[in-house]
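Chemist: Protein chains in written order, with numbering that gives the first Met the number 0: chain A, 0 to 279; chain B, 0 to 350.
We treat Cβ as the ideally placed atom computed from N, Cα and C, and that holds for glycine.
Quick one: the structure is below, questions incoming.
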Amino acid sequence: MSGRRTFRRLALAAVAGFGLAVWAFPVLWALLTSFKTERDVLAYPPKFVFVPTLDNYREVLFGASSILPNLWSSLVVATAATLLTMLIAIPGGYALGRLRYPFKRASGFYVLATQMLPPVGLIIPYYLVLQKVGGLDTYAGLVAIYLTFSLPFAIWLMVSYFEDVPLEMEEAALLDRAGRLRALWHVILPQVRGGIAVTTIFVFLNAWNEFMFAVVLGGNRVRPVTVAMFNFISVEQTQWARLAAGAMLAMAPVILLGIFAQRHIVKGLTVGAVKGGGRR
Amino acid sequence: MTAAGPGGVRLEGVVKRHGATTVLHGVDLAIAPGEFFVLLGPSGSGKTTTLRILAGLESVSEGRVLMDGVDVTTQQPGERDVAMVFQSYALYPHMTVAGNIGFPLKMVGTPRERIDEAVAAAAAKVGIGHLLARTPGQLSGGQQQRCALARAIVRQPRLFLLDEPLSNLDAKLRLETRLELHRLQRSLGVTTVYVTHDQEEAMTLADRFAVFIEGRIVQVGTPREVYATPQTVDVAGFIGTPPMNLLPARWDGDAVVIDGARLPVGRTGGPREVTLGVRPADLRIAERGLPAIVERVEDLGDSAIVSFVAADRLLKQKSDRLPDVREGDAVHLAFAPDAAQFFDPGSGARL
Chain A
0 MSGRRTFRRL
10 ALAAVAGFGL
20 AVWAFPVLWA
30 LLTSFKTERD
40 VLAYPPKFVF
50 VPTLDNYREV
60 LFGASSILPN
70 LWSSLVVATA
80 ATLLTMLIAI
90 PGGYALGRLR
100 YPFKRASGFY
110 VLATQMLPPV
120 GLIIPYYLVL
130 QKVGGLDTYA
140 GLVAIYLTFS
150 LPFAIWLMVS
160 YFEDVPLEME
170 EAALLDRAGR
180 LRALWHVILP
190 QVRGGIAVTT
200 IFVFLNAWNE
210 FMFAVVLGGN
220 RVRPVTVAMF
230 NFISVEQTQW
240 ARLAAGAMLA
250 MAPVILLGIF
260 AQRHIVKGLT
270 VGAVKGGGRR
Chain B
0 MTAAGPGGVR
10 LEGVVKRHGA
20 TTVLHGVDLA
30 IAPGEFFVLL
40 GPSGSGKTTT
50 LRILAGLESV
60 SEGRVLMDGV
70 DVTTQQPGER
80 DVAMVFQSYA
90 LYPHMTVAGN
100 IGFPLKMVGT
110 PRERIDEAVA
120 AAAAKVGIGH
130 LLARTPGQLS
140 GGQQQRCALA
150 RAIVRQPRLF
160 LLDEPLSNLD
170 AKLRLETRLE
180 LHRLQRSLGV
190 TTVYVTHDQE
200 EAMTLADRFA
210 VFIEGRIVQV
220 GTPREVYATP
230 QTVDVAGFIG
240 TPPMNLLPAR
250 WDGDAVVIDG
260 ARLPVGRTGG
270 PREVTLGVRP
280 ADLRIAERGL
290 PAIVERVEDL
300 GDSAIVSFVA
310 ADRLLKQKSD
320 RLPDVREGDA
330 VHLAFAPDAA
340 QFFDPGSGAR
350 L
C-alpha cells in the first residue's frame, strides 16, 4: 500500500519534473543569456561558466534603446484593458450565470462566437476601423481592441465562478431582505473573490503579452514592450543578450503575477466549500 | 380554518408549470396563524415548490398567495416578512456565525447594538451562543443547522419556512433536533410551514399536514385523522411505519373474500371488487383466515415486524412481541372486523 503510494509519488514527480524542464529551459536559457556579453552569447559550444555582466540590463533600461517607455506603455494598456474588462465582465458574468432574461442563450452564444474568428483575420478590419476614427497608435484604440478578446474570455470565466456559488445562498440573502444588488455585493461577490483575482490576472497577462495587434495597431507613441523588443532583432545583427535582458524585464511581472495567481487559483477553488452547502 | 390573525396563509388555485410540465395542479391550502403545518410527500410531489412559492422564490403560473389576507402573489421574497431554513442551510461562508445571524437585521438598517442583542438572544435560544465568533466551515452539521435556525428566528418573521431541515443530520441528532424544533416553534408561536418526505416527522411535528402526490394535495388533516382515515390508496400506502397493507379483495356483504378465504369486516357492502387496507398493527396470526407463508421476521427489540406472502402480495405485521413463527412457516392471518378499510381499485378513493 505505502510502497505503491511512494511509487506513484515518484512517477508523478518524474512527469512533473520533465514537464517543468521542457517549460523552464527557454526561460532559464534566456536568463543566462541576459547576463552574458555578446561574445559569450555567440560562443560555440555554449558557455555555462562565464563572467556575468549587467551591461545588457543597463543598456535596455537606460541606454539609447531603453525599453522603459515601452514597459510604461504595456502597463497602461494592460491595466486599462484589465480594469475595463473586469468592470464589464463581473456584472456580465453574473447576469449570464444567474439571471433570467430574454435572449440570454443567444447573447451568451454571441459573446462566445466572437472568440471563434481567428485574430489574424481581424487585423485588417481593425486597422481600417481605427484609421477611420483616428485610433491608430493611441492608448484608447489599442485598449478597445484588447477588450474585444479579453471580454468574452473574462465573462465566461466569471460565469463559471458565479455558477459555482450555491443558488440557495443567494436565495437566502433575498429572503434576508438584501435585494438583488446587496445580495450580490454582500454574499455573492465575496464567494467569487478568488475567481475575480484569477480572471483579473489572466486578462492582465493576456494584454501584457499581446504582440500581434500591438505591432500593427500601435506605433511610435504607443509601443508595448513586446513590440519594442523586436527592435533588438535587425537585418544586420540580432542583439541576443539585450533581447534576453529585455525579455527578462518583460517577463518579471508575468512571473510575479503567476506566483501570486497560483495561491488565488487554489483559494478560488476552495472558497465557499462549506460542508452541506451543495446545490440541489 | 381561516387565515384571520397574523401569520395566516392561503393558497388559492395555485398552478405551477415549468415549460410543458405541470408541477402543481391547482393547490388550495389554508394555514392558521401559529400553526405548525407540514407539507408531506415523496420527492417530486411538489411540496418544495409549494414552499418556494410561499417564500416568493418561485412565481405562480396561476392562482393567488395570501398572507394575513393580503395578496402577496407578486411580492419579492424580501417583502413578505418570511424566513426560511434551507436544506443545505445556505449559510454565508465568509461571515462569522454572528454575522450570519445578524445579516437579516443589518439589511434593514437595524442599529449595531440592537443587532448584537438580538443575535445573542437568538443564538442562545438554539444553544450556539458560544460559537458566535466561528465561521460556518468550523461548525459541525448540527451546529450549522442551528445557525441557520437562529438566522431565521432573529427577526421574528410572521412565517417560518423549513425545507427538510433535518435531512442532513444523523439519526440520533435528528430525533433530538426534532423535539427542540417543536419546542422552539411552540415558544415563538410563529406560523411554520415545514417540508419533509419523512412521514414520521410529519406525524410527530405537525398540528396538521398536507399530503402531496404528483403535484396535488390529496389529503389535509391532523396526524391522527390522516393515519386513521386515509382518503386514498396512495396516502394509505405512504403513512405509517410500515405503511398500510393493501391487497385486492372482493367485498361481499359482511366479509371480504381473498383467494377463497372469507374474512369478516365491520361494514356491509358490495358485492364489488375493492382494495382492502389493513394497518400492520391490526394484522394478527390466527387459527383460521387468510393462508400465508412467513417471509421474514425482523426483531426490533421492543417490537417485531413479520413479513408474509399471501395472495401473491407482501403483507407486514407489526406487534410488540416477537411472534413464535419462523421463516417459511405456513400460517393464517386475520384482523379485527373494524380494522378493514376499503378503497376503489380504479380511482384509489376511500369507500
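Find the residues of chain B that neighbour D136 of chain A, judging by a C-beta separation of less than 9 angstroms, and give them in chain order.
Modeler: Near D136 of chain A there are no residues of chain B at all, since even the closest Cβ is about 45 angstroms away, more than 9 angstroms.
Chemist: Go to I216 of chain B, then tell me how far its alpha helix (DSSP H) extends in each direction, as first and last residue.
Modeler: Taken as a continuous stretch (DSSP letters only), I216 of chain B belongs to no alpha helix (DSSP H), being part of the beta strand (DSSP E) at R215 to G220.
Chemist: For R157 of chain B versus D80 of chain B, is the C-beta distance shorter than 7 angstroms?
Modeler: Yes; because the gap between Cβ atoms is below 7 angstroms, this pair is in contact.
Chemist: With 8 angstroms as the C-beta to C-beta threshold (strictly closer), list the residues of the region 104-119 of chain B near chain A in chain order.
Modeler: The region 104-119 of chain B vs chain A, Cβ under 8 angstroms: M106 and V107.
Chemist: Runs of 3 residues minimum, wholly inside the region 175-217 of chain A: which ones carry the beta strand (DSSP E) assignment?
Modeler: The qualifying runs do not exist here; there are none.
Chemist: So, are the CB atoms of F210 of chain A and T225 of chain A less than 7 angstroms apart?
Modeler: Yes. Within cutoff.
Chemist: Taking contact to mean 3 or more Cβ pairs, one atom from each stretch, closer than 8 angstroms, check whether the region 147-165 of chain A and the region 90-106 of chain A are in contact.
Modeler: With a cut-off of 8 angstroms, the region 90-106 of chain A and the region 147-165 of chain A count as touching, because enough Cβ pairs lie within range.
Chemist: Flag P189 of chain A as yes if its beta-carbon sits less than 7 angstroms from any beta-carbon of chain B, otherwise no.
Modeler: For P189 of chain A, the answer is yes, since a Cβ of chain B falls inside 7 angstroms of its Cβ.
Chemist: Can you pull the chain B neighbours of L98 of chain A, defined as C-beta to C-beta under 7 angstroms?
Modeler: Near L98 of chain A there are no residues of chain B at all, since even the closest Cβ is about 14 angstroms away, more than 7 angstroms.
Chemist: Taking C-alpha atoms, which residue in B:V14, B:A19, B:Y88 and B:L178 lies nearest to D27 of chain B?
Modeler: With distances taken between Cα atoms, D27 of chain B lies closest to B:V14.
Chemist: Just reading off the beta strand (DSSP E) that Q340 of chain B is part of, what are its end residues?
Modeler: Q340 of chain B -> beta strand (DSSP E) spans Q340 to F342.
Chemist: How is P270 of chain B classed by DSSP in three states: helix, strand or coil?
Modeler: Reduced to three states, the DSSP call for P270 of chain B is strand.
Chemist: Which whole-angstrom value describes the C-beta separation of L173 of chain A and P76 of chain B, a residue pair presumed to lie in contact below a C-beta threshold of 8 angstroms?
Modeler: Yes, they are in contact, since the Cβ atoms of L173 of chain A and P76 of chain B sit about 4 angstroms apart, within 8 angstroms.
Chemist: Who does K317 of chain B pair with in a DSSP beta bridge?
Modeler: DSSP lists B:I304 as partners of K317 of chain B.
Chemist: Please list, in chain order, the chain A residues whose beta carbon lies closer than 7 angstroms to that of Y91 of chain B.
Modeler: Neighbours of Y91 of chain B on chain A, chain order: M168 and V186.
Chemist: Exposed or buried, which one is R295 of chain B when buried takes at least 16 other CB atoms within 10 Å?
Modeler: Under this definition R295 of chain B is an exposed residue.
Chemist: Can you check DSSP and say which residues form a bridge with P290 of chain B?
Modeler: DSSP, once it has assigned bridges, lists B:H331 as partnering P290 of chain B.
Chemist: Within a Cβ cutoff of 6 angstroms, which residues of the same chain sit near R271 of chain B, ignoring the five residues on either side of it in sequence?
Modeler: If we look at R271 of chain B and ignore the five residues flanking it on each side, its Cβ neighbours are W250.
Chemist: For Y193 of chain B, name the three-state secondary structure that DSSP assigns.
Modeler: Y193 of chain B: strand per DSSP, three-state reduction.
Chemist: Per the contact definition of three or more C-beta pairs closer than 8 angstroms, is the region 171-185 of chain B in contact with the region 102-115 of chain B?
Modeler: No contact exists between the region 102-115 of chain B and the region 171-185 of chain B.
Chemist: So with CB distances below 7 angstroms, who are the chain B contacts of R175 of chain A?
Modeler: Checking the sequence, you will find Asp at residue 175 of chain A rather than Arg. Under the 7 angstroms cutoff, chain B gives F102, P103 and M106.
Chemist: Would you call the region 246-263 of chain A and the region 16-32 of chain B touching, i.e. three or more CB-CB distances under 8 angstroms?
Modeler: No, the region 246-263 of chain A does not touch the region 16-32 of chain B.
Chemist: Strictly under 7 angstroms for the Cβ-Cβ distance: is G194 of chain A near chain B by that measure?
Modeler: Chain B, which has no Cβ nearer than 7 angstroms to the Cβ of G194 of chain A, makes this no.
Chemist: With a cut-off of 7 angstroms, does the C-beta of A171 of chain A fall near any C-beta of chain B?
Modeler: So yes, A171 of chain A belongs to the interface.
Chemist: Hey, out of A:L216, A:L135, A:T147 and A:R8, whose CA is closest to V202 of chain A's CA?
Modeler: If we check each option's Cα against that of V202 of chain A, A:T147 comes out closest.
Chemist: Measure the Cβ-Cβ separation of Y88 of chain B and A149 of chain B and say whether it is below 7 angstroms.
Modeler: Taking 7 angstroms as the Cβ cut-off, Y88 of chain B and A149 of chain B do not qualify as a contacting pair.
Chemist: DSSP on D251 of chain B, reduced to helix/strand/coil?
Modeler: DSSP places D251 of chain B in strand when its eight states are reduced to three.
Chemist: Measuring straight from C-alpha to C-alpha, what distance separates V110 of chain A and K46 of chain A?
Modeler: Roughly 50 angstroms separates the two Cα atoms.
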